[in-house]
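Novice: Here you go, one structure.
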Amino acid sequence: MIEVDGAGRSFTVTRRKGLLRREREVVHAVSDLSFQIAAGEFVGYLGPNGAGKSTTIKMLTGILAPSAGRIRVAGLDPSRRRTALARHIGVVFGQRTTLWWDLPLKDSFTLIRHLYKVDQVRHRERLAELSDVLELGPFLDKPVRQLSLGQRMRGDIAAALLHDPPVLILDEPTIGLDVVSKAAVREFLRGVNAERGTTVLLTTHDLGDIERLCRRVMLIDHGRLTFDGTLDALRATVPEETSIEDVVTRLYTRTAEPR
Amino acid sequence: MGEALGLARSYVLLAATWVRAAAQYPLSMAMLTIGSFVVTCLDAAAIVVIFVHTETLGGFSLPEVMFLYGTAGVSFALADMLFGNVDKLGQHVRAGTFDTMLIRPVSPFVQMAVDRFAFQRVGRVLQAAIVLAVALARLHVPWQRAWMIPVMVLCGIVLFTAMWTLGGALQFLLTEAPEIANAFTYGGGQLTQYPLSVYGGELVRAVTFIVPLAFVNWQPALYVLDRPDPFGLPYWLRFAGPVAAVTLACAAGWAWRAGLRRYRSTGS
Ligand SMILES: Nc1ncnc2c1ncn2[C@@H]1O[C@H](COP(=O)(O)OP(=O)(O)OP(=O)(O)O)[C@@H](O)[C@H]1O
Ligand SMILES: [Mg+2]
Chain A
9 MIEVDGAGRS FTVTRRKGLL RREREVVHAV SDLSFQIAAG EFVGYLGPNG AGKSTTIKML
69 TGILAPSAGR IRVAGLDPSR RRTALARHIG VVFGQRTTLW WDLPLKDSFT LIRHLYKVDQ
129 VRHRERLAEL SDVLELGPFL DKPVRQLSLG QRMRGDIAAA LLHDPPVLIL DEPTIGLDVV
189 SKAAVREFLR GVNAERGTTV LLTTHDLGDI ERLCRRVMLI DHGRLTFDGT LDALRATVPE
249 ETSIEDVVTR LYTRTAEPR
Chain B
15 MGEALGLARS YVLLAATWVR AAAQYPLSMA MLTIGSFVVT CLDAAAIVVI FVHTETLGGF
75 SLPEVMFLYG TAGVSFALAD MLFGNVDKLG QHVRAGTFDT MLIRPVSPFV QMAVDRFAFQ
135 RVGRVLQAAI VLAVALARLH VPWQRAWMIP VMVLCGIVLF TAMWTLGGAL QFLLTEAPEI
195 ANAFTYGGGQ LTQYPLSVYG GELVRAVTFI VPLAFVNWQP ALYVLDRPDP FGLPYWLRFA
255 GPVAAVTLAC AAGWAWRAGL RRYRSTGS
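Listed in order, the protein sequences are those of chains A and B. The first sequence begins at 9 in this note's numbering and counts up by one. The second sequence begins at 15 in this note's numbering and counts up by one.
Spelled out as structure tokens, the structure:
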């Protein structure tokens with residue numbers, strides 16, 4: 009479903025040095041990244057701040073063109089076939105909403121229906137189903153800007169799934185949620201993956217998400233993939249630690265050292 | 015062609031959703047529409063005031079000046095209502111909303127143009143259309159030359175839209191750049207309200223050959239009104255509007271695509 013082969017992305021940043029001098033610097037946000045995700049997998053994507061997780065997700069969704077390598081999602085090259093790909097993937101950015109700030113939630117869903125050209129009957133069914141499971145009912149009429157973070161996040165997740173995509177990509181979907189909302193979101197994602205067979209890739213800083221949801225974990229640091237395997241294999245890399253938090257802390261600090 | 019129709023369909027459906035949302039507050043919508051109508055009427059009144067003291071402006075009579083004002087006004091107001099948003103790219107990039115447009119299966123150009131579609135701007139279109147209608151009622155343009163009128167309005171819409179698009183495309187490179195295009199489009203909207211003969215020859219040559227604002231209404235209007243060119247520019251320029259519009263639109267489309275390829279999102 010997702011194939012990444014030697015993908016890299018660098019940014020040239022110019023930095024002011026003194027009044028007139030400017031220094032150009034190349035930041036390698038992601039380098040030589042390769043992995044494959046099969047249909048129906050649930051994969052967690054871990055890494056410290058600035059490791060390149062969001063950059064990877066932007067490349068997978070076609071927002072950013074890779075500066076090297078080859079990427080296929082649902083058989084399409086994301087940056088070249090971005091609009092075609094959009095119908096096959098659902099995307100959630102936990103940090104910011106994909107909904108329209110000033111519109112009531114249900115109007116945002118109407119805009120999305122027009123954008124994806126979903127027919128009205130199917131849209132209504134799907135929305136009823138999603139608002140039932142995600143309990144959107146009480147705030148469907150509220151403008152998005154008035155929603156709490158947890159409500160908005162559930163709205164965003166529903167928005168990403170209205171067109172019933174086979175692939176769901178989430179960048180920190182549980183950021184800032186309380187334990188109850190977090191549990192609800194996790195339960196929902198688990199259901200989507202188990203019942204609909206939706207392929208899920210999610211980034212998170214919450215190891216609870218990983219432990220409860222992901223059969224497979226990928227770890228990225230300084231733009232390079234440093235681990236790809238099951239949760240147990242991840243634990244086994246640092247046998248002297250027992251909790252997953254400590255294992256990951258060790259891995260983050262260890263890979264950071266050579267720099 | 016099918017693709018263009020698909021985009022137009024998306025535009026209409028999305029615009030309708032925005033209008034429906036705004037119609038939840040009918041009073042405020044009515045006030046805004048009337049407000050925009052009244053404010054622009056004051057603008058047109060300024061022309062009438064000028065003619066209280068003089069018979070002609072730059073060699074043109076009141077109905078002729080109203081004709082110039084009306085054609086430029088309809089083009090500008092329609093372009094602004096339909097596409098005036100596309101130069102807000104910098105804001106969308108900084109706010110991260112441009113990223114979310116890129117994950118949708120519709121061109122981000124259309125999504126940006128239709129964002130917060132403001133129906134109340136129709137007030138301005140209406141006002142310009144009324145001025146144009148009054149002018150035409152007094153001018154008696156023969157039908158052999160009247161065909162140019164819809165052509166020039168359409169070219170004007172394309173020209174203004176292309177300028178906004180170019181301004182938007184520039185912001186892919188300079189996201190901090192202010193909305194430079196507005197200086198050209200709003201400035202151009204003002205400039206074209208009056209006969210270009212009131213301005214100097216240098217400026218007229220600049221808006222003919224560099225920023226092709228003269229093709230919004232001036233050159234084709236010389237044809238419709240059957241007037242000699244006060245600046246002695248060639249006669250064929252009167253028919254060059256479509257060429258100028260298509261050229262600028264192609265340049266804008268190319269710049270937009272080039273900018274989109276270089277898009278780098280934001281760090282967070
Ligand atoms: N548009 C950009 N311009 C310049 N540098 C960028 C840009 N986007 C990302 N970067 C850089 O690329 C690196 C990776 O950033 P990225 O956002 O992918 O990290 P991340 O893993 O998502 O981090 P976090 O956990 O903090 O969200 C960082 O060093 C960042 O500064
Ligand atoms: Mg990130």
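All C-beta atoms, glycine included, are put in the ideal place defined by N, C-alpha and C.
Check the DSSP bridge columns for A/Glu31 and list the partner residues they point to.
Specialist: In the first sequence, the residue the question calls residue 31 of chain A occupies position 23. A/Glu31 is bridged to A/Arg23.
Novice: Is the closest heavy atom of ligand 1 to the C-beta of A/Phe19 under 8 Å?
Specialist: If you number the first sequence from 1, residue 19 of chain A lands on position 11. Yes.
Novice: If you draw a straight line from the alpha carbon of B/Ala176 to that of A/Gly98, how long is it in whole angstroms?
Specialist: Within the second sequence, the letter at position 162 stands for residue 176 of chain B. Within the first sequence, the letter at position 90 stands for residue 98 of chain A. Taking the straight line from one Cα to the other gives about 32 Å.
Novice: So A/Gly60 and A/Ser87 are supposed to be a Cβ contact under 8 Å. How far apart are they, rounded?
Specialist: On the first sequence, position 52 is the one that residue 60 of chain A refers to. On the first sequence, position 79 is the one that residue 87 of chain A refers to. No, A/Gly60 and A/Ser87 are not in contact; Cβ-Cβ is about 17 Å, not under 8 Å.
Novice: Say whether the region 108-125 of chain B touches the region 101-109 of chain A, bearing in mind that this needs 3 or more beta-carbon pairs closer than 8 Å, one atom from each stretch.
Specialist: Yes: at least three Cβ pairs fall under 8 Å.
Novice: Compare the C-beta of B/Arg130 with all C-beta atoms of chain A and state if any pair is closer than 9 Å.
Specialist: Locating residue 130 of chain B in the second sequence gives position 116, counting from the first residue. Closer than 9 Å: yes.
Novice: Please name the residue in A/Glu31, A/Gly14, A/Arg130, A/Val81 whose C-alpha comes closest to that of A/Thr22.
Specialist: As a working note, residue 22 of chain A is residue 14 in the first sequence. A/Thr22 has its Cα closest to that of A/Glu31, out of A/Glu31, A/Gly14, A/Arg130, A/Val81.
Novice: Identify which residue in B/Ala197, B/Arg130, B/Asp101 has its Cα closest to the Cα of B/Leu227.
Specialist: Locating residue 227 of chain B in the second sequence gives position 213, where the first residue counts as 1. Among B/Ala197, B/Arg130, B/Asp101, the Cα nearest to that of B/Leu227 is on B/Ala197.
Novice: For B/Glu78, name the three-state secondary structure that DSSP assigns.
Specialist: On the second sequence, position 64 is the one that residue 78 of chain B refers to. Helix.
Novice: Below 8 Å, can you find three or more Cβ-Cβ pairs linking the region 163-183 of chain B to the region 247-260 of chain B?
Specialist: Contact holds: three or more Cβ-Cβ distances are below 8 Å.
Novice: Taking Cβ positions only, does A/Ala73 come closer than 9 Å to chain B?
Specialist: Taking the first sequence and counting its residues from 1, the one referred to as residue 73 of chain A is at position 65. So, interface residue.
Novice: Can you find the residues in the same chain that come closer than 8 Å, C-beta to C-beta, to B/Tyr237, ignoring five residues on each side of it along the sequence?
Specialist: The residue labelled residue 237 of chain B in the question sits at position 223 within the second sequence. Result list for B/Tyr237: Arg159, Met162, Arg252, Phe253, in chain order.
Novice: Spatial neighbours of B/Ala149 within its chain, please: C-beta separation below 7 Å, excluding the five flanking residues on both sides.
Specialist: The residue given as residue 149 of chain B occupies position 135 in the second sequence. Hits under 7 Å: Pro77, Met80, Phe81, Gly84.
Novice: Three-state secondary structure (DSSP) at A/Leu227?
Specialist: As a first step, residue 227 of chain A must be located in the first sequence, where it is residue number 219. Strand.
Novice: Measure from the C-beta of A/Glu137 to each C-beta in chain B and report whether the shortest distance is under 9 Å.
Specialist: Reading the first sequence from its first residue, position 129 is the one you call residue 137 of chain A. It does not; no Cβ of chain B falls within 9 Å.
Novice: Which of the three DSSP states is assigned to A/Arg160 in this structure?
Specialist: Position 152 of the first sequence, counted from the start, is the residue given in the question as residue 160 of chain A. A/Arg160: helix per DSSP, three-state reduction.
Novice: Residues in its own chain within less than 7 Å of B/Leu96 by CB, not counting five upstream and five downstream?
Specialist: Start at 1 with the first residue of the second sequence, and residue 96 of chain B comes out as number 82. Answer for B/Leu96: Ala127, listed in chain order.
Novice: What are the residues of the region 231-263 of chain A that lie near chain B, defined by any Cβ-Cβ distance shorter than 9 Å?
Specialist: Within the region 231-263 of chain A, no residue has a Cβ that lies closer than 9 Å to any Cβ of chain B.
Novice: Using a Cβ cut-off of 7 Å, pull out every chain A residue sitting near B/Ala35, in sequence order please.
Specialist: For the purposes of this step, residue 35 of chain B is identified with residue 21 of the second sequence, where counting begins at 1. Result: Leu111, Asp115.
Novice: Determine, using beta carbons only, whether B/Ile48 comes closer than 9 Å to chain A.
Specialist: By one-based count along the second sequence, residue 48 of chain B stands at place 34. It does not; no Cβ of chain A falls within 9 Å.
Novice: Using a Cβ cut-off of 9 Å (strictly closer), state whether A/Ala4 contacts chain B.
Specialist: Residue numbering for chain A in the displayed model covers 9 to 267; residue 4 of chain A lies beyond these limits and cannot be assessed.
Novice: Would A/Tyr124 pass as an interface residue toward chain B - the criterion being a Cβ-Cβ separation below 9 Å?
Specialist: One-based indexing of the first sequence puts residue 124 of chain A at position 116. For A/Tyr124, the answer is yes, since a Cβ of chain B falls inside 9 Å of its Cβ.
Novice: Looking at chain B, which residues of the region 145-158 of chain A have a Cβ within less than 9 Å of any of its Cβ atoms?
Specialist: Going along the region 145-158 of chain A in chain order, one finds no residue with a Cβ nearer than 9 Å to chain B.
Novice: Would you please verify whether the beta carbon of A/Gln128 is less than 9 Å from any beta carbon of chain B?
Specialist: On the first sequence, residue 128 of chain A is found 120 positions in, with the first residue counted as 1. No, because no Cβ of chain B sits closer than 9 Å to the Cβ of A/Gln128.
Novice: Quick check on A/Leu28: buried or exposed, where buried means 16 or more other Cβ atoms within 10 Å of its Cβ?
Specialist: Numbered from its first residue, the first sequence carries residue 28 of chain A at position 20. Exposed, since its Cβ has fewer than 16 Cβ neighbours within 10 Å.
Novice: Residues in its own chain within less than 6 Å of A/Ala76 by CB, not counting five upstream and five downstream?
Specialist: Translated into positions along the first sequence, residue 76 of chain A becomes position 68. The answer, listed in chain order, is Gly16.
Novice: Among A/Ile65, A/Leu41, A/Thr257, A/Trp109, which has the Cα closest to the Cα of A/Arg160?
Specialist: For this step, residue 160 of chain A is matched to residue 152 along the first sequence. The candidate whose alpha carbon is nearest that of A/Arg160 is A/Trp109.
Novice: What residues of chain A sit near B/Ser42, judged by a beta carbon separation below 7 Å?
Specialist: For this step, residue 42 of chain B is matched to residue 28 along the second sequence. Near B/Ser42 there are no residues of chain A at all, since even the closest Cβ is about 13 Å away, more than 7 Å.
Novice: Since A/Gln44 sits in a beta bridge, which residues does DSSP pair it with?
Specialist: As a working note, residue 44 of chain A is residue 36 in the first sequence. Answer by DSSP bridge pairing, in chain order: A/Glu11.
Novice: Name, going along the chain, the residues of the region 20-31 of chain B whose beta-carbon falls closer than 8 Å to a beta-carbon of chain A.
Specialist: Cβ contacts with chain A: Ser24, Leu27, Leu28, Thr31.
Novice: Between the alpha carbons of B/Phe131 and B/Pro234, how many angstroms are there, rounded?
Specialist: Position 117 of the second sequence, counted from the first residue, corresponds to residue 131 of chain B. Position 220 of the second sequence, counted from the first residue, corresponds to residue 234 of chain B. Each residue's alpha carbon lies about 31 Å from the other.
Novice: Is there at least one Cβ from chain B nearer than 9 Å to A/Arg267's Cβ?
Specialist: Here residue 267 of chain A is taken as the residue at index 259 of the first sequence, counted from 1. Note that A/Arg267 scores a pLDDT of 43, beneath 50, so its modelled location is shaky; the value from the coordinates is reported in the next line. By this cut-off, A/Arg267 is not an interface position.
Novice: Could you name the residues of chain B that A/Gly70 contacts, counting a contact when the two beta carbons are closer than 9 Å?
Specialist: For this step, residue 70 of chain A is matched to residue 62 along the first sequence. Simply Leu116, Ile117.
Novice: Please report the straight-line C-alpha distance between A/Ala37 and A/Gly55, rounded to a whole angstrom.
Specialist: By one-based count along the first sequence, residue 37 of chain A stands at place 29. By one-based count along the first sequence, residue 55 of chain A stands at place 47. Each residue's Cα considered, the two are about 12 Å apart.
Novice: Along chain A, which residues have their Cβ under 9 Å away from the Cβ of B/Ser279?
Specialist: For the purposes of this step, residue 279 of chain B is taken as the residue at position 265 of the second sequence. Near B/Ser279 (Cβ distances below 9 Å), the residues of chain A are Ser62, Thr63, Lys66, Ile71, Leu72.
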